[in-house]
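K.L.:
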Amino acid sequence: MTLPVNTPEPAAAHASSIEDFKHNLASIRARIDAAARKVGRDPASIRLLPVSKTVPEDRLRLAVAAGMDFLGENKVQEAARKAENLADIPGLKFSVIGNLQTNKAKFVAKFADEFQALDNIRQAAALQRRLEAEDRQLDVFVQVNTSNEESKFGLPPAEVQEFVDQLPQFDRLHVKGLMTLALFSDDKEAVRACFVRLRELRDMLRESAPEGMEIEELSMGMSGDFELAIQEGATVVRVGQGIFGARALPDSHYWPGFAGEKPAAPNTAAQ
Ligand SMILES: *Cc1c(COP(=O)(O)O)cnc(C)c1O
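If you're matching positions, the sequence shown starts at 773 in the numbering used here and goes up one per residue.
(1) Decide if VAL912 is buried, meaning its Cβ has at least 16 other Cβ atoms within 10 Å, or exposed.
(2) Between the C-alpha atoms of ALA835 and LEU820, what's the straight-line distance to the nearest angstrom?
(3) Is the closest heavy atom of ligand 1 to the C-beta of LEU953 under 7 Å?
(4) Where does PRO1012 fall in DSSP's three states?
(5) Is LYS865 buried or exposed, if buried means 16 or more other CB atoms sit within 10 Å of its CB?
(6) Under the rule that 16 or more other beta-carbon atoms within 10 Å means buried, what is GLU1033, buried or exposed?
(7) Using CA coordinates, which residue listed in ARG902, GLY870, LEU890, ILE869 is at the minimum distance from ALA881?
(8) For the alpha helix (DSSP H) holding GLN915, just list the boundary residues, first then last.
(9) Quick one: give me the first and last residue of the beta strand (DSSP E) that LYS865 is part of.
(10) Between the stretch 995 to 1008 and the stretch 928 to 941, do at least 3 Cβ pairs fall closer than 8 Å?
(11) Evaluate contact between the stretch 953 to 965 and the stretch 978 to 990, counting only Cβ atoms and requiring at least three cross-stretch pairs below 8 Å.
(12) Indicate the three-state DSSP secondary structure (helix, strand or coil) for THR1040 in the structure shown.
(13) For ARG944 and GLN915, which I take to be in contact (beta-carbon distance under 8 Å), what is that distance rounded to the nearest angstrom?
(14) I want to check one thing, is the minimum distance from the CB of ARG1010 to the heavy atoms of ligand 2 below 7 Å?
(15) Using the three-state DSSP reduction, which class does ALA1001 fall into: helix, strand or coil?
(16) Evaluate VAL868 with the Cβ neighbour count: other Cβ atoms within 10 Å of its Cβ, from every protein chain shown; 16 or more gives buried, anything less gives exposed.
(17) Would you check whether ligand 1 has a heavy atom nearer than 7 Å to the C-beta of LYS865?
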């Protein structure tokens, strides 16, 4: 069987020292820069968000020492725990990139600097209320389901315009752009189509978003497909396994309903 194009290379599995993390970070960054140059884009216009889900705090301290200062986490409670246990590190920021139940908005409002999975109005209202209580602001990305899979979170592309039109009332939320998870598939063109869909939607919203809202960012691409995403305009890539090594937990734990055939990388021992 052909592996899905999104399957990450297992090379990073043994990161367990500051040097290892520096090396992994530099090698992913070099691939990002090369992918950008290849399509005539400025590498500096692409942010690498290291995704640290399942990685315990002691290894995260090494990652931070290696230069990572903004970490992506899928689950709110795992993120909240890490933010608390690592609160002694000055300037460390967290981005929540996974689905959020409305009743957990209070956690995000307390510690997160960014939320990339906004996809319903009740959630926006809950975040606004909790952010007012904390007197904080939050950068947000609207999550879009570009793969048309029922299991995936995010709004169907056709509903995004109407959704963003309602967001100006939530003045604690700063809408930065759109986020998506591509199809898991060995069909590279099918994966690419997801990225293209997100970019075209962003281009449309550049013209038609509410006054004062600048929808510019495209958060798309992970360890196995970030180069393709960069070709199609990604401005944020979310890379976990390429930096931290293969995860022991199956992705279905993070993406309910995900029954993809993403095979475990051979060397999972470093977890
Ligand atoms: C885990 C995760 C990623 C990163 O996936 P890798 O294969 O580890 O690079 C990106 N986005 C989301 C929403 C995730 O949950």
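Where a beta carbon is used, it is the ideal one built from N, C-alpha and C, also for glycine. For clarity, every value in this text was computed on a predicted model and none was experimentally measured.
P.N.:
Based on what the coordinates show:
(1) Taking the sequence shown and counting its residues from 1, one reaches residue 912 at position 140. Flag for VAL912 reads buried.
(2) In the sequence shown, counting from the first residue as 1, residue 835 sits at position 63. In the sequence shown, counting from the first residue as 1, residue 820 sits at position 48. Rounded to whole angstroms, the gap between the alpha carbons of ALA835 and LEU820 is 14 Å.
(3) Numbered from its first residue, the sequence shown carries residue 953 at position 181. Relative to ligand 1, the nearest heavy atom lies less than 7 Å away from the CB of LEU953.
(4) If you number the sequence shown from 1, residue 1012 lands on position 240. Correcting the residue type first, residue 1012 is Gly in the shown sequence and not Pro. GLY1012 sits in coil when the DSSP states are folded into three classes, being neither helix nor strand.
(5) As a position in the sequence shown, residue 865 is number 93, starting the count at 1. Counting Cβ neighbours within 10 Å, LYS865 comes out exposed, since fewer than 16 surround it.
(6) As a first step, residue 1033 must be located in the sequence shown, where it is residue number 261. With a pLDDT of 41 at GLU1033, under the threshold of 50, the modelled position of that residue is not reliable, and the figure given next carries that caveat. Here GLU1033 is exposed. Its C-beta has fewer than 16 other C-beta atoms within 10 Å.
(7) Taking the first residue of the sequence shown as position 1, residue 881 is located at position 109. Among ARG902, GLY870, LEU890, ILE869, the Cα nearest to that of ALA881 belongs to ARG902.
(8) Numbered from its first residue, the sequence shown carries residue 915 at position 143. Not the alpha helix (DSSP H): GLN915 falls in the beta strand (DSSP E), residues 910 to 915.
(9) Position 93 of the sequence shown, counting from 1, holds the residue named residue 865. LYS865 -> beta strand (DSSP E) spans 865 to 868.
(10) Contact fails: fewer than three Cβ-Cβ distances are below 8 Å.
(11) Touching, no, given that fewer than three Cβ pairs across the two stretches are closer than 8 Å.
(12) As a first step, residue 1040 is located in the sequence shown; it is residue number 268 there, counting from the start. Bear in mind that the predicted position of THR1040 carries a pLDDT of just 35, short of 50, making it unreliable; the figure below should be weighed with that in mind. In the structure shown, THR1040 adopts coil according to DSSP, grouped into three states.
(13) Here residue 944 refers to the residue found at position 172 when the sequence shown is read from its first residue. Here residue 915 refers to the residue found at position 143 when the sequence shown is read from its first residue. In this structure ARG944 does not touch GLN915 by the C-beta definition: roughly 18 Å separates them, more than the 8 Å allowed.
(14) Here the bound small molecules are ligand 1; ligand 2 is not part of this structure.
(15) Numbered from 1 along the sequence shown, position 229 holds the residue referred to as residue 1001. If DSSP states are grouped into helix, strand and coil, ALA1001 belongs with the helices.
(16) Your numbering for residue 868 matches position 96 in the sequence shown. Classification of VAL868: buried, given that the 10 Å Cβ count is 16 or more.
(17) Working through the sequence shown from its first residue, we reach residue 865 at position 93. No, ligand 1 has no heavy atom inside 7 Å of this Cβ.
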